[in-house]
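>
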Amino acid sequence: MNTPKRYMITAALPYANGPLHIGHVAGAYIPSDIYVKYLRLRGKDVCYVCGSDEHGAAITIRAKQEGISPQEIVDKYHGIIKNSFEKLNIDFDIFHRTSAKLHHETASEFFLDLYNNGKFVEKTTEQYYDEEFHQFLADRYITGECPKCENENAYGDQCEKCGSALSPLELKNPKSTLSGNTPSLKSTTHWFLPLDKHQEWLADWIENGMLDGEMHHEPKTWKKNVMGQVKSWLQDGLRPRAITRDLDWGVDVPQEIKGAEGKKLYVWLDAPIGYISATKQLALDGKIADWKTYWQDNDTELIHFLGKDNIVFHSIIFPSILKAKGEYILPKNVPANEFMNLEGDKISTSKDWAVWVHEYVEEFPDKIDELRYVLTANAPETKDSEFTWEDFQTRVNSELVATLGNFINRIAVLTHKYYDGVLENDIAAYESISEDLNQVFLTPNSEAIKSELERLIEQFKFREALDLLMTLARNANKFLTDKEPWKTIKTDEAQTKAVLFGSAQIVASLGIIAQAFLPNTAKKIFNLLNMESASWDDIGNLNLLKTGHKINEPELLFNKIDKEFVAAQVEKLEAKKKAKMEENKVVEEKKPEPLKAEIQFDDFAKIDLRLGTIIAAEKVKKADRLLHFTVDMGFETRSIVSGVAEHFTLEECIGKQVQVVANLAPRVMKKIESQGMILFAEDAQGKLHFVSPSSEVGNGNGVA
RNA sequence: GGCGCGGUAGCUCAGCUGGUUAGAGCGCAGCACUCAUAAUGCUGAGGUCGAGGGUUCGAGUCCCUCUCUCGCUACCA
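Count the first sequence with our numbering and you get residues 818 to 1521, in order.
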């Protein structure tokens, strides 16, 4: 494999139904940004795109909740997210959006082309449609009369009276459970991507790195977590996946296609094409000459950065689409990160357990690099990691302030104190310490820090790479302590000058490396040194700054974080979580589950509820949630399967008296026949509780 | 239940194709130093490498069984 001529770097499109939290940023955006900054420092041709993913059902639902249009939702979050990236100095060439006209055209064209070339499988079925709610009805949204037993309340998939399996079309007098109206029958067509047909080349590509008989990439360079998950999917066997939906918010299925009306592209098809439309926009803006070279030229290296939830889309589905389309290159690598937890718990939007980026950048605009540093040093590269504010404090104080910032400050202060900020030197003395200076640029294993940095970054090991920046600063501190210029100033002027001169060169190298990780800090360092930025190859250059050059007044790069800061942040988290819980409670109270359609007494009377006692309980094999109960019903013993294994231990079930729906049609689950259903009470958290009579009632008696 | 990542010092993590006394940073203890945001440097204490078997002259590193975290997936009337 030869060196690529250019790079196409993508970062997963954030979903525009909420703001960004630190987990998103640590997972996909900071790593990709570091990688891109590094490539650019080395003078590479890089195109780096992202954008907001603005379609899909979740956005329409959110819009309904907030009482505004989907467009308003995505406009709002697109703005917030874009601003967060800018404040964090994540430098996309473009932050596009999938609601843009160009994207709709691009995705639509893409779809049509694939369609015309027979790359999809089409399935047309007759489905019931609710005119009032403007949507197709899933099986369970339809009730009607069972053709076999004349039960009037059979569901679209099954009649619960006679137990027969049904399809909605068999029902007599069907009704929509949404509006209560009679639904109309409409034929609907959906398109599927036959992933099963792609299985073979995908396996060869992923496992061996071979594409069309040629070496495409070295499989060993893919991260274990990514490889593992992808292979797992391949082993299971790939299945066709629907790529269209009946929705009203998204990219239309092209009108040229029969049956396209009311159909939208499924978001996961639409979203990755967003990378391409973003690149097109970039070309229209005149920022790049031609978008095609970045997507269709074999000399381009395509890399997708993302979180683990997106692995399958980017390493199986999107590559299948690109391959089916033809002409497009496939990703060389898909470096996915795992998840970041927060203070011992999973980050959760619904519980508001998160550090929100837009809030952080607003509150601490002078601590951007601190966040970038901590999120990189603790990135979930191989396994889930954890962010705590205490760790944030420790890392800032003992690493950024005490090691990196302190060294630079020492040099600035000494140079100003002794030489009024002017770099002086003594050739002979400089020669005598050059060996020591070169040592500073070596790792403890005597590897060159510069080449190690290159190796690690190219392997996507950013936390280790960042640690090398600290290694350099530690070495530098040691060098300075060993040379003791504050002592030699009294005895050996030449030596003192040489040491400070050399130290200033180290500071410059620190600045160069910082450009990839800590852009604001790099700027401050260069400003302090009174110089323009420098190129990557000047790392370790001991004569970058010249004799007689004057540096600026010392200025602190970082400030210490105190206990109060940490306490305030933790408190804020707890308070918001609590507030959110209250809010959720209120919502629950205000919006109880809507009542189901009214039934007649006759309907109710059909249900035969009886009391019984659980006399035996065991776990159902090969099913995590199922328990198999033996229930003494008084007149007989029943075998009943319930999905409650997560709620109760076997011991606490035995001996409990329970209410049983005794005339429910039997159903076989995991080869065990379940003869009835046990009733449980469910609380707001979804936890189940036994509903037992307050005093002993004989088994087999009814419930009235 | 199936599959996958992970389970290594108090904390966060490295340990490639098996090879001498298992590493780093932070934290902790002691010493040195004073140019520096009480910062820095040196030294040290701290580990049955999740548990149990096996292969081997030799295993954190390979095989088997089990277990825990997280994720994907199935079942959940």
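Each residue gets a CB set at the ideal place from its N, CA and C atoms; glycine is no exception.
Mind the definition here: the segment 1158-1170 touches the segment 1081-1088 only if three or more C-beta pairs lie below 8 angstroms; say whether that holds.
At 8 angstroms Cβ cutoff, the stretches do not touch.
> Indicate the three-state DSSP secondary structure (helix, strand or coil) for Tyr-1083 in the structure shown.
Three-state result, Tyr-1083: coil.
> When DSSP builds the beta bridges, which residues end up paired with Arg-1227?
DSSP output for Arg-1227 lists no bridge partner at all.
> Report buried or exposed for Lys-1234, applying the criterion of at least 16 other Cβ atoms within 10 angstroms of its Cβ.
So Lys-1234 counts as exposed.
> Can Leu-1361 and Ala-1290 be called in contact, C-beta distance under 8 angstroms?
Against a cut-off of 8 angstroms, the Cβ pair of Ala-1290 and Leu-1361 comes out as no contact.
> If the criterion is Cβ atoms closer than 8 angstroms, does the pair Ile-1522 and Ala-845 meet it?
There is simply no residue 1522 to check, as the chain begins at 818 and stops at 1521 in what is shown.
> At which residue ranges does the segment 991-1069 contain complete beta strand (DSSP E) runs of 3 or more residues, listed in the order of the chain?
DSSP runs (the beta strand (DSSP E)) wholly in the segment 991-1069: 1001-1010, 1061-1063.
> DSSP beta-bridge partners for Glu-1118?
Bridge partners of Glu-1118: Tyr-824.
> Expressed to the nearest angstrom, what Euclidean distance is found between the alpha-carbon atoms of Leu-1028 and Ile-1146?
Distance between the alpha carbons of Leu-1028 and Ile-1146 is about 10 angstroms.
> Since Ser-775 is in the alpha helix (DSSP H), which residue starts that stretch and which ends it?
No answer is possible for residue 775: the residues shown for the chain start at 818 and end at 1521.
> Is it buried or exposed, Ser-1215, if we count other Cβ atoms within 10 angstroms and call 16 or more buried?
Exposed: under 16 other Cβ atoms inside 10 Å.
> Following the continuous alpha helix (DSSP H) through Glu-1241, name the residue where it begins and the one where it ends.
No alpha helix (DSSP H) contains Glu-1241, which DSSP labels as neither H nor E.
> Please return the same chain residues whose Cβ sits closer than 8 angstroms to the Cβ of Gln-1256, not counting the five positions on each side in sequence.
Contacts found: Asn-1292, Phe-1296.
> Closer than 7 angstroms by C-beta to Pro-1071: which residues in its own chain qualify, once you throw out the five before and the five after it? Chain order, please.
Ser-925, Phe-928, Leu-929, Ala-1077, listed in sequence order.
> Does DSSP put Gly-1493 in a helix, in a strand, or in coil?
Looking at Gly-1493 - three-state DSSP - the assignment turns out to be coil, as it is neither helix nor strand.
> One question on the structure: do Pro-848 and Phe-1277 come within less than 8 angstroms of each other, judged by their Cβ atoms?
Result yes, Cβ atoms of Pro-848 and Phe-1277 sit closer than 8 angstroms.
> Please report the residue range of the alpha helix (DSSP H) in which Leu-905 lies.
No alpha helix (DSSP H) contains Leu-905, which DSSP labels as neither H nor E.
> Would you report the Cα separation of Asn-1518 and Ala-1440, rounded to the nearest angstrom?
One C-alpha to the other measures close to 32 angstroms.
> Could you check if Phe-1318 is buried or exposed, using at least 16 other CB atoms within 10 Å of its CB as the buried criterion?
It is buried - the Cβ of Phe-1318 has at least 16 other Cβ atoms within 10 Å.
> Nearest to Val-842 by alpha carbon, out of Arg-1455, Asp-1253, Lys-899, Ala-1434?
Closest by alpha carbon: Lys-899.
> For the pair the segment 1202-1212 and the segment 1042-1060, tell me if three or more CB-CB distances fall below 8 angstroms.
Contact between the segment 1202-1212 and the segment 1042-1060 is absent, because fewer than three Cβ pairs lie under 8 angstroms.
> So who's on the other strand from Arg-1427, going by DSSP bridges?
Arg-1427 is bridged to Val-1477, Gly-1519.
> Is Leu-1373 buried or exposed, if buried means 16 or more other CB atoms sit within 10 Å of its CB?
By the 10 Å Cβ count, Leu-1373 comes out exposed.
> Would you kindly work out how many angstroms separate the C-alpha atoms of His-872 and Leu-1481, rounded to a whole number?
Those two C-alpha atoms are separated by around 42 angstroms.
> What is the DSSP secondary structure of Tyr-1145, reduced to helix, strand or coil?
If DSSP states are grouped into helix, strand and coil, Tyr-1145 belongs with coil.
> May I have the straight-line CA-CA distance separating Leu-1327 from Pro-831, to the nearest angstrom?
About 32 angstroms.
> If you run the structure through DSSP and keep just helix, strand and coil, what is Leu-1505?
Residue state, collapsed to three classes: strand.
> Which residue's Cα is closest to the Cα of Asp-1126: Asp-1201, Phe-1507, Leu-1019?
Per the Cα distances, Asp-1201.
> Of the residues Ala-1020, Met-1157, Lys-822, which one's Cα is nearest the Cα of Arg-857?
Nearest C-alpha to Arg-857: Lys-822.
> At 3 residues or longer, what runs of the beta strand (DSSP E) sit wholly inside the segment 1168-1222?
Whole beta strand (DSSP E) segments, 3+ residues: 1202-1204.
> Buried or exposed for Asn-991, going by 16 or more other Cβ atoms inside 10 Å?
The sequence shown places Pro at residue 991, not Asn. Burial call: buried.
> In terms of residues, what are the limits of the beta strand (DSSP E) holding Gly-1472?
Neither: Gly-1472 is in no beta strand (DSSP E) and is coded neither H nor E.
> Give me the Cβ distance between Ile-839 and Leu-1192, rounded to the nearest whole Å; I'm assuming they're in contact under 8 angstroms.
At roughly 6 angstroms, the Cβ-Cβ gap stays under 8 angstroms, so Ile-839 and Leu-1192 are in contact.
> Label Leu-1099 either buried or exposed according to how many other C-beta atoms from any shown protein chain fall within 10 Å of its C-beta, with 16 as the threshold for buried.
Looking at its Cβ environment, which holds 16 or more other Cβ atoms inside 10 Å, Leu-1099 is buried.
> So, at 6 angstroms on beta carbons, what are the nonlocal neighbours of Lys-854 in its own chain, with the 5 sequence-adjacent residues on each side left out?
Ala-1333, listed in sequence order.
> In this structure, what does DSSP give as the bridge partners for Asn-1154?
Answer is Gly-1124.
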